[in-house]
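S.K.:
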Ligand code: HEC
């Protein structure tokens with residue numbers, strides 16, 4: 014069962030990887046984030062405006078983040094290194 018789920022998951026990620034926004038959607042980022050508007054977490058455009066480096070954002074996405082934007086922490090996200098990098102690069106490119 015686990016293997017089957019993993020297979021479906023990897024297939025879905027393969028499609029999502031072509032489009033970072035779809036990947037963010039699939040990973041549930043938009044439950045707490047929006048590109049333009051602050052929700053539970055900061056708007057991705059506001060993150061981009063701060064000009065943080067990719068390594069920092071990758072680490073925030075993978076390991077979670079706290080104390081950078083407000084009182085609510087972001088829990089660690091279930092993404093691979095590659096996905097985290099893709100998401101971080103996409104977020105930082107939003108202007
Ligand atoms: C449960 C809600 C929640 C989810 C789901 C979530 N985030 Fe966040 N995110 C937050 C909060 C809250 C913060 C602000 C944390 C802080 O103040 O340090 C944040 C901060 C961030 C930051 C800024 C980190 C920094 O160092 O400045 C990035 C980038 C980010 N999130 C990306 C993502 C991505 C990509 C996903 C999906 C894989 C995601 N988030 C999913 C709540 C969430």
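Numbering (the numbering used here), first residue to last: 14 to 108. Where a beta carbon is used, it is the ideal one built from N, C-alpha and C, also for glycine.
#1: Does DSSP classify residue 78 as helix, strand or coil?
#2: Hey, would you say the C-beta of residue 44 is under 7 Å away from at least one heavy atom of the ligand HEC?
#3: Give the straight-line distance between the Cα atoms of residue 96 and residue 77, rounded to the nearest whole angstrom.
#4: When you compare the CB positions of residue 58 and residue 107, do they come within less than 8 Å of one another, or not?
#5: Taking 7 Å as the cut-off, does the CB of residue 56 come closer than this to any heavy atom belonging to the ligand HEC?
#6: Mind checking whether residue 75 and residue 89 have CB atoms under 8 Å apart?
#7: With C-beta atoms as the reference, is residue 98 less than 8 Å away from residue 71?
#8: Give the straight-line distance between the Cα atoms of residue 82 and residue 91, rounded to the nearest whole angstrom.
M.R.: Inspection of the coordinates gives the following:
#1: strand
#2: yes
#3: 15 Å
#4: yes
#5: no
#6: yes
#7: yes
#8: 21 Å
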